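Novice:
Number of protein chains: 2
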Amino acid sequence: MLSRRFYSSLSKKTITPLTSIKHPDLKRGPYKKLETKDVDYFHRILSKNQVVTETDPYNIDFFNLYRGSSKLCLFPTSTRQVSSILQYCNEQKLAVVPQGGNTGVSGGSIAVFDEIVVNTSKLNQVRSFDAISGIAVVDAGMVLEALDQYVAPLGYTVPLDLGAKGSCQLGGNVSTNAGGLRLMRFGNLHGNVLGLEVVLPDGTILDGLSALRKDNTGYDLKQLFIGAEGTLGIVTGVSLLTPKRAQSTNVAMIALDSFEHVQQAYVSARDELSEILSAFEFWDHDSVQLVQKTMLQGQSYPLEAKKPFYALLETQGSREEHDMEKLEAYLEKGMTQGVIQDGVLAQDSTQLTGLWQWREKIPEAITRSGTAMTYDVAMDIRLFPQMVTDVKAHFEERGLLGSRYSNIIGFGHVGDGNLHIMANMEGFDQHGQEEFDEFVFNWAIEHQGSISAEHGIGIHKIDYMTRCKNPVQLALMRKIKTAFDKNGIMNPYKVIPF
Amino acid sequence: MLSRRFYSSLSKKTITPLTSIKHPDLKRGPYKKLETKDVDYFHRILSKNQVVTETDPYNIDFFNLYRGSSKLCLFPTSTRQVSSILQYCNEQKLAVVPQGGNTGVSGGSIAVFDEIVVNTSKLNQVRSFDAISGIAVVDAGMVLEALDQYVAPLGYTVPLDLGAKGSCQLGGNVSTNAGGLRLMRFGNLHGNVLGLEVVLPDGTILDGLSALRKDNTGYDLKQLFIGAEGTLGIVTGVSLLTPKRAQSTNVAMIALDSFEHVQQAYVSARDELSEILSAFEFWDHDSVQLVQKTMLQGQSYPLEAKKPFYALLETQGSREEHDMEKLEAYLEKGMTQGVIQDGVLAQDSTQLTGLWQWREKIPEAITRSGTAMTYDVAMDIRLFPQMVTDVKAHFEERGLLGSRYSNIIGFGHVGDGNLHIMANMEGFDQHGQEEFDEFVFNWAIEHQGSISAEHGIGIHKIDYMTRCKNPVQLALMRKIKTAFDKNGIMNPYKVIPF
Numbered sequence: 001m002l003s004r005r006f007y008s009s010l011s012k013k014t015i016t017p018l019t020s021i022k023h024p025d026l027k028r029g030p031y032k033k034l035e036t037k038d039v040d041y042f043h044r045i046l047s048k049n050q051v052v053t054e055t056d057p058y059n060i061d062f063f064n065l066y067r068g069s070s071k072l073c074l075f076p077t078s079t080r081q082v083s084s085i086l087q088y089c090n091e092q093k094l095a096v097v098p099q100g101g102n103t104g105v106s107g108g109s110i111a112v113f114d115e116i117v118v119n120t121s122k123l124n125q126v127r128s129f130d131a132i133s134g135i136a137v138v139d140a141g142m143v144l145e146a147l148d149q150y151v152a153p154l155g156y157t158v159p160l161d162l163g164a165k166g167s168c169q170l171g172g173n174v175s176t177n178a179g180g181l182r183l184m185r186f187g188n189l190h191g192n193v194l195g196l197e198v199v200l201p202d203g204t205i206l207d208g209l210s211a212l213r214k215d216n217t218g219y220d221l222k223q224l225f226i227g228a229e230g231t232l233g234i235v236t237g238v239s240l241l242t243p244k245r246a247q248s249t250n251v252a253m254i255a256l257d258s259f260e261h262v263q264q265a266y267v268s269a270r271d272e273l274s275e276i277l278s279a280f281e282f283w284d285h286d287s288v289q290l291v292q293k294t295m296l297q298g299q300s301y302p303l304e305a306k307k308p309f310y311a312l313l314e315t316q317g318s319r320e321e322h323d324m325e326k327l328e329a330y331l332e333k334g335m336t337q338g339v340i341q342d343g344v345l346a347q348d349s350t351q352l353t354g355l356w357q358w359r360e361k362i363p364e365a366i367t368r369s370g371t372a373m374t375y376d377v378a379m380d381i382r383l384f385p386q387m388v389t390d391v392k393a394h395f396e397e398r399g400l401l402g403s404r405y406s407n408i409i410g411f412g413h414v415g416d417g418n419l420h421i422m423a424n425m426e427g428f429d430q431h432g433q434e435e436f437d438e439f440v441f442n443w444a445i446e447h448q449g450s451i452s453a454e455h456g457i458g459i460h461k462i463d464y465m466t467r468c469k470n471p472v473q474l475a476l477m478r479k480i481k482t483a484f485d486k487n488g489i490m491n492p493y494k495v496i497p498f
Numbered sequence: 001m002l003s004r005r006f007y008s009s010l011s012k013k014t015i016t017p018l019t020s021i022k023h024p025d026l027k028r029g030p031y032k033k034l035e036t037k038d039v040d041y042f043h044r045i046l047s048k049n050q051v052v053t054e055t056d057p058y059n060i061d062f063f064n065l066y067r068g069s070s071k072l073c074l075f076p077t078s079t080r081q082v083s084s085i086l087q088y089c090n091e092q093k094l095a096v097v098p099q100g101g102n103t104g105v106s107g108g109s110i111a112v113f114d115e116i117v118v119n120t121s122k123l124n125q126v127r128s129f130d131a132i133s134g135i136a137v138v139d140a141g142m143v144l145e146a147l148d149q150y151v152a153p154l155g156y157t158v159p160l161d162l163g164a165k166g167s168c169q170l171g172g173n174v175s176t177n178a179g180g181l182r183l184m185r186f187g188n189l190h191g192n193v194l195g196l197e198v199v200l201p202d203g204t205i206l207d208g209l210s211a212l213r214k215d216n217t218g219y220d221l222k223q224l225f226i227g228a229e230g231t232l233g234i235v236t237g238v239s240l241l242t243p244k245r246a247q248s249t250n251v252a253m254i255a256l257d258s259f260e261h262v263q264q265a266y267v268s269a270r271d272e273l274s275e276i277l278s279a280f281e282f283w284d285h286d287s288v289q290l291v292q293k294t295m296l297q298g299q300s301y302p303l304e305a306k307k308p309f310y311a312l313l314e315t316q317g318s319r320e321e322h323d324m325e326k327l328e329a330y331l332e333k334g335m336t337q338g339v340i341q342d343g344v345l346a347q348d349s350t351q352l353t354g355l356w357q358w359r360e361k362i363p364e365a366i367t368r369s370g371t372a373m374t375y376d377v378a379m380d381i382r383l384f385p386q387m388v389t390d391v392k393a394h395f396e397e398r399g400l401l402g403s404r405y406s407n408i409i410g411f412g413h414v415g416d417g418n419l420h421i422m423a424n425m426e427g428f429d430q431h432g433q434e435e436f437d438e439f440v441f442n443w444a445i446e447h448q449g450s451i452s453a454e455h456g457i458g459i460h461k462i463d464y465m466t467r468c469k470n471p472v473q474l475a476l477m478r479k480i481k482t483a484f485d486k487n488g489i490m491n492p493y494k495v496i497p498f
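So the protein lines, in turn, are chains A and B.
Numbering of the first sequence is given in the UniProt record's numbering, commencing with residue 1 and proceeding in unit increments.
Numbering of the second sequence is given in the UniProt record's numbering, commencing with residue 1 and proceeding in unit increments.
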């Protein structure tokens, strides 16, 4: 049975499998148990180094959050091999969990019981890149950053940017519908993925690797696999539209004395920076204190004014002097109008990185401060401060703030309506985790928000699907799952509650 | 039986139903025939003016291309009414064709036999608009231009722009996955539609009107309805992300002496105009001559150089002087390098409209010159001139150019890889139409292109689905259709060949 444990620097070395975290009642499905003859079969169709029975590294995810009990991990090197594997598993009713870079944070790529891991790491080639259209066709196991490095000298960039870019793979990005920092500028994967090659649960290869920007011929099947978290098949190839790489990048950090001013600053950034605005991130003052205490000791904060909120604006454009002129005018106007209380503009790439780190180091600051709890909700941005305030008040009223929970902070992507709430918990306490989940997820659902803006459902949020989706939506999802995966072998127990 | 006839100014008034165009073998499905008691039922649940038996206007599409034989057209005013209608039709096995602005050009919104038309024109309200996020939630029958006019004073614009914008409806745009002129800038509807409300074939209301920019909670069901051409249900509500309205728009027209130079001009426009580039259209010299002869007699062409190709570039940005500086530098560089042979830059909005008309009037010029044939293919842009040359050569070799066919021209959206080929046919000749279809569609399929970039399949291209889609894709489409529409009542005979 899969276990869930929150990473902290303390727990990293002592992590042990827990047997009944989150889903004590969950029963193993009616799948066949792996036998020696199955392993023998895979040895016959694959090379020695593609059949791995030392599965420990593939039973724990990147952040040490989950631990599975898979006994076999397969590393296909071709779509044809993926097909042979799934055909056999489907015939034998062996359950399968697809795994890419294993950087997901909802447990989607870890076996819940003893599913066979099919890892795409050895499917990692660029199949083609068209320097006129910017369309890249790549294997699913291509690492996001590796693709970015491949297209960079040709003047292109990948349309998504994640903290995990050095490890996450395109197939996994597609399967979780990864968002990231550039979504407000380049849009989501439903718009940027032009085609997919997918091996269906029975081993059939769905060849839909179109490299066309427009194609209205029947149902757009690829869309179903984007965000399906590997429950409908294994993505083996991705056709992706890449945008031109910006020739000029600028960053400003601003201080604001209310969340209303954060909103105003965001709205006028969309007006005045418009086509060059590439990120608008915010965080609260508690986040600054935490980063300063745990990560950037001795470094002074770039802004003197101590304010409740800060924001980072990034512009990406094609002409440095135009972009700077717009950004300076924006800052000047905001300060004159009293919306922006203080601001600083990076003068070189070192300063640019220096400003970004105050935003980027927040998650790590939490994980270094104890057992970390991380939430990724989407909602009307006007609700952001209310949600953080309500969470704090709820646990303070119960006398749990400062004792069981601490460091409740809010930050995130204003441009996408995506709030991250993080907090620390004293020790590792399953009940404490569930109590926090319950309050945060219910708050989001009650306020017409989403319990998962970009991290997906996996196993972590499966219990909340019946609350955040209506019965009609759930019924259609089940119909689709059944139509695509009759035997239910693909990534069972995840995403869709049966 | 649905008839198809190509519009020309001559045929407009004399159009008569033809009984066996394109699909002489097509048989009416096992649907119930409309009875008086059915009409009585609809009279009971709807007001008098919502039940129309004078169906002529709804049996012919906007361009007089198709003629159906529907005996009943219903105009629901609420989602609840759409639900009651479909529940009844599903129980009674009455076939239904959804209809919006009826501006489609593939026959998707016209009854093939006697299907009941459910027209969304009376569902035309803005449900909400959020001036901070730019998210509009509207009824499916909202006219595209009306929504643009609604959001304009609030600083926003719709992310798609079509010739039919004054008549087409959001629900129809979604159902055909409409592309249009702004796609290269704002992306497609799979990225911009945030949520949908759909009435499923059995009358169940799928409430998925999310107004969140990010939401990764289970399968993204709305994606299936985008481009399904009404075969899976009737879209009744749309949540759409609208971008900020540009504060500055500029247009240049350039002359180029080869298609290689068109490509080079496009690539460097993406480099140098980058984030402000909003359109890059091209057309050939034959298009100019045709427009000059039929539409803009007496007007001199803005460019003196007579060249095989022309292109129109549009920029949309937030600062006029910056945009002009970039555009002027781009033109100067292109001319210095010998890529651009001649160019002109609009100095005011009258000139801007004047330049655009040489591109926008091409389709009308063809329809005024005889029976028009129009194609909408997508492919690698390097193939554009080859396709036009091959089409001309094919019919010239057979002695048909100048006799049966004339005015074969090529133009389209370079930025989207979307080529329009249009031609005139002498009189209206079904065989001539099919012969042209056959050559153009097969050419596109053989060159890994799409037979429909944005116009959809409808009834016109249904015979080509088995050639342009592989059996795996077709099988999945059929599975989805069956899972959603057990009785097959929704827009039968269209999109998916059974």
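All residues carry an ideal CB built from backbone N, CA and C; glycine is no exception.
Keep in mind it's a predicted model, so treat the numbers as computed, not measured.
1. Measuring only between beta-carbons, confirm whether L212(B) sits less than 8 Å from chain A.
2. Using only the alpha-carbon positions, how far apart do A131(B) and G155(B) sit?
3. Can you determine whether any heavy atom of the ligand ATP sits closer than 7 Å to the C-beta of R368(A), and answer yes or no?
4. Could you work out which residues of chain A lie near Y66(B), taking near to mean beta carbons separated by less than 9 Å?
5. What are the start and end residues of the beta strand (DSSP E) that includes P98(B)?
6. Return no unless some Cβ of chain B is closer than 8 Å to the Cβ of I21(A).
7. To the nearest angstrom, report how far apart Q92(A) and Y41(A) are at their CA atoms.
8. Rounded to the nearest angstrom, what separates D348(A) and H285(A) at their Cα positions?
9. Grab the span of the beta strand (DSSP E) containing H413(B) for me, first residue to last.
10. Using only the alpha-carbon positions, how far apart do L303(B) and S47(B) sit?
11. Under a CB-based cut-off of 8 Å, is A164(A) close to chain B?
12. Between which two residues does the alpha helix (DSSP H) harbouring R80(A) extend?
13. Within the chosen definition, does the region 390-402 of chain B reach the region 434-449 of chain B through at least 3 CB pairs nearer than 8 Å?
14. Measuring only between beta-carbons, confirm whether L144(B) sits less than 8 Å from chain A.
15. In whole angstroms, what separates the C-alpha of P492(B) from that of G458(B)?
16. Between the beta-carbon of T249(A) and the beta-carbon of V158(A), is there less than 8 Å?
17. Measuring only between beta-carbons, confirm whether R80(B) sits less than 8 Å from chain A.
18. Mapping the DSSP letters down to three states, classify M324(A) as helix, strand or coil.
19. If you run the structure through DSSP and keep just helix, strand and coil, what is I496(B)?
20. Can you name the start and end residues of the beta strand (DSSP E) that I462(A) belongs to?
21. Just reading off the alpha helix (DSSP H) that M477(A) is part of, what are its end residues?
22. Going along chain B in order, which residues have a C-beta closer than 8 Å to the C-beta of H190(A)?
23. For H394(B), list the residues DSSP reports as bridge partners.
24. Note down, in chain order, every chain A residue with its Cβ under 9 Å from the Cβ of S47(B).
25. At what residue ranges does the region 162-222 of chain B contain a whole run of the beta strand (DSSP E), taking only runs of 3 or more?
26. Quick one: grab the DSSP three-state call for Y301(A).
27. Per DSSP, what are the beta-bridge partners of K244(B) in this structure?
28. K244(A) CB to nearest chain B CB: under 8 Å?
29. Is Y7(A) close to chain B? Criterion is C-beta to C-beta, closer than 8 Å.
30. At least one CB of chain A closer than 8 Å to the CB of T36(B): is that the case?
31. Could you tell me whether the Cβ of V495(A) comes closer than 8 Å to any Cβ of chain B?
32. Do you know offhand how far D485(A)'s Cα is from I496(A)'s?
33. Closest Cβ-Cβ distance between D215(B) and chain A: below 8 Å?
34. Count the other CB atoms within 10 Å of the CB of G300(A); is the residue buried (16 or more) or exposed (fewer)?
35. So, at 6 Å on beta carbons, what are the nonlocal neighbours of K481(B) in its own chain, with the 5 sequence-adjacent residues on each side left out?
36. Taking the DSSP output, what are the residues bridged to A311(A)?
Specialist: Working from what's here:
1. yes
2. 8 Å
3. With respect to the ligand ATP, the structure offers nothing, as it holds no ligand at all.
4. Ordered by position in chain A, no residue passes the 9 Å Cβ test against Y66(B), which lies about 18 Å from the chain.
5. 96-99
6. For I21(A), the predicted structure reports a pLDDT of 46, less than 50, and the residue's modelled location is therefore unreliable. The matter cannot be settled from this model.
7. 11 Å
8. 25 Å
9. 405-413
10. 57 Å
11. no
12. 79-92
13. yes
14. no
15. Each residue's alpha carbon lies about 10 Å from the other.
16. no
17. no
18. DSSP, read as helix, strand or coil, puts M324(A) in helix.
19. coil
20. Premise fails: I462(A) is in no beta strand (DSSP E) and is neither H nor E.
21. 471-484
22. Listed along chain B are H190, G191, D220, Q223, each with a C-beta nearer than 8 Å to that of H190(A).
23. Answer is none; H394(B) lacks a bridge partner.
24. In chain order: nothing, as chain A lies at least about 28 Å away.
25. 193-199, 205-208
26. coil
27. Y156(B)
28. yes
29. Annotation note: pLDDT 32 at Y7(A) (below 50); position unreliable, coordinate value reported separately. No, its Cβ sits nowhere closer than 8 Å to a Cβ of chain B.
30. Not closer than 8 Å to any Cβ of chain A, the Cβ of T36(B) fails to qualify, so no.
31. For V495(A), the answer is yes, since a Cβ of chain B falls inside 8 Å of its Cβ.
32. When rounded, the distance between both Cα atoms is 13 Å.
33. yes
34. The question names Gly, yet the displayed sequence has Ser at residue 300(A). By the 10 Å Cβ count, S300(A) comes out exposed.
35. I496
36. I254(A), F282(A)
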